[in-house]
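Q: Position 297 of the sequence shown, counted from 1, bears residue number 921 in my numbering, the numbering being contiguous throughout.
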Amino acid sequence: MRNMQSEKSRSVRKDAGFTLVELLVAAVIFTIISAASFSLLAQHQPIFNQQQNLAEVNIALRNAVAQMEIDLGNAGANYYSGLNIPNYPVGVVITNNPVASGGDCRTGTPLVYSTNCFDQMSIITADINTPPTTPSGSTAGSCASTASAGNSTAYLAPTATPTTGYGSGVAGLAAAAAAALNYKYNGGTNPDQLLFVNNDGSKYTTAKLTLATTTATIGVNYYVKVTYGGTDTTTHGLNTTTNDPYGMTTKPNTLLADSFCSSPMDYVLRIVPITYSVDVTTDPSNPTLMRQVAGITQSTSQKQLATQIIGFKLGAALFNSTTDQETTVYCFDAKAYDPNCPSIAVGTAGAWTYNYTFVRSVMVSLIGRTKPVTDPTYKFRNTFDSGAYEIQGVSVVVNPRNMSMND
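1. Give the list of continuous beta strand (DSSP E) stretches no shorter than 3 residues that lie fully inside the segment 707-749.
2. By a C-beta neighbour count over all protein chains shown, 10 Å radius and 16 as the cutoff for buried, is ASN863 buried or exposed?
3. From ASN814, MET745, GLY732, pick the residue whose C-alpha is nearest to that of TYR978; which is it?
4. With distances taken Cα to Cα, identify the nearest neighbour of VAL997 among SER658, GLN674, GLU646, ILE657.
5. Taking the beta carbon of GLY726 as the centre, do at least 16 other beta carbons fall within 10 Å, making it buried, or is it exposed?
6. Alpha carbon to alpha carbon, how far is PRO755 from TYR891? Give it in angstroms, no decimals.
7. Work out the CA separation of VAL953 and LYS937 for me, nearest whole Å.
8. What are the boundary residues of the beta strand (DSSP E) that THR830 is part of?
9. Where does VAL794 fall in DSSP's three states?
10. So what's MET872 in DSSP terms, helix, strand or just coil?
11. Considering only the alpha carbon of each residue, which of ASN753, ILE694, LYS827, THR851 lies closest to ASN806?
12. Alpha carbon to alpha carbon, how far is TYR809 from VAL1021? Give it in angstroms, no decimals.
13. Buried or exposed: where does LEU647 fall if 16 or more other Cβ atoms within 10 Å of its Cβ makes it buried?
14. Less than 9 angstroms separating the beta-carbons of TYR828 and ALA750?
15. Quick one, are the C-beta atoms of ILE898 and ASP728 less than 9 angstroms apart?
16. Going by Cα to Cα distance, which pick from ILE683, CYS767, ALA831 is closest to ASN867?
17. Please list the terminal residues of the continuous alpha helix (DSSP H) segment that includes THR924.
18. Using 9 angstroms as the limit for Cβ to Cβ distance, is LEU648 near chain B?
19. What residues are listed by DSSP as bridge partners for THR912?
20. Taking 9 angstroms as the cut-off, decide whether the C-beta atoms of SER661 and PRO908 are in contact.
21. What do you reckon, are the CB atoms on GLY715 and ALA690 nearer than 9 angstroms?
22. Please report the residue range of the beta strand (DSSP E) in which VAL1018 lies.
23. If the criterion is Cβ atoms closer than 9 angstroms, does the pair ILE748 and VAL723 meet it?
24. Quick check on this structure: which residue in SER826, GLN932, LEU893, GLY825 has the alpha carbon closest to the alpha carbon of VAL850?
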């Protein structure tokens, strides 16, 4: 009997579970392990976020550069069958903003950027759907001048080719002539840009539409009348950025002219530039890379390619007529677009400056960053500009396939 009671007593004690002491010890161990786990998680969470942000910057930069490569590949595109105009359109126009030695275009804390920190690039192509026309003045056979200030008027004479859908001397073709030229004023918002170029491609200028196109009659011929902004000065077709936002004619250049005629046959082209620039006006502490396409309406989000851009520089390799090859050094200052760039002293003073017909290859350097960290406990500083953020950079060289007229 005693043996049975003893066995029963031992069985009851075996099924009784943990003692209070055991539970307290387990709770302490669990708390210590949990605290260590949460501590490690807290330490690694910023690193995880940092890596995610860095991946985001990397993807944005690569996508932006890929888009530039596509656009640059088409620079100077859209030639017209049966029409030979050397050196048109001006394929790539680069606006360099070199910072003076020892200078800085950024100020304050956090850093605020100015437009001088970044370059700008306009990729020029002709509109293949708008036939080239010959310029005339207000009377048949006279020349169209782009030199006078304010609005100027030119009459663009339609060609005699019947396949263009317009001609001369037939009343029913007046409306068709305006439709065929396809010029767009867009109510003054992002109006069309005209490129005037002489018959051998050695001189050019540009102007922006200031009124919608209309048709006009001179004698028995129908013409399309365009009204465009007058140039800033009567010297060599020089323009302000208001009349030429793409920078083709905003700097003194020996290629610029201010008068174009129908005999010998000069030309007027509708161009559709694509401009890459960095917006520092909206938020100077967050420079944003923008892509503006002429002739279409874009929302702000459609223009934006990448935010937190802290570097956008453009270099050009130039055609060297002496050695019949490209320069081996990329020039990052358009004032020195000499075939022997980067030596700005070579050649007659001013003869080569801003001569975009020499551009044969473009180098794009783009630098982005993760969002700056304002937490004072964040100790990381990058070696590029000592900022409290990480940076990524990408550089590519593009050879536009349509810019080999001189070689």
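Every residue, glycine too, gets a C-beta built ideally from N, C-alpha and C.
A: Looking at the coordinates:
1. 716-719, 744-747
2. Per the 10 Å Cβ criterion, buried.
3. Among ASN814, MET745, GLY732, the Cα nearest to that of TYR978 belongs to MET745.
4. GLN674
5. By the neighbour-count rule (16 or more Cβ atoms within 10 Å), GLY726 is not buried but exposed.
6. 10 angstroms
7. Cα to Cα, LYS937 sits roughly 15 angstroms from VAL953.
8. 828-832
9. Confidence is the limiting factor: at VAL794 the pLDDT is only 35, short of 50, which leaves the residue's position unreliable and the question unanswerable from this model.
10. coil
11. ASN753
12. 35 angstroms
13. exposed
14. no
15. no
16. Comparing Cα positions, the closest option is ALA831.
17. 924-927
18. Of the chains in the structure shown, none is chain B; there is only one protein chain.
19. ASP903
20. no
21. no
22. 1015-1022
23. no
24. LEU893
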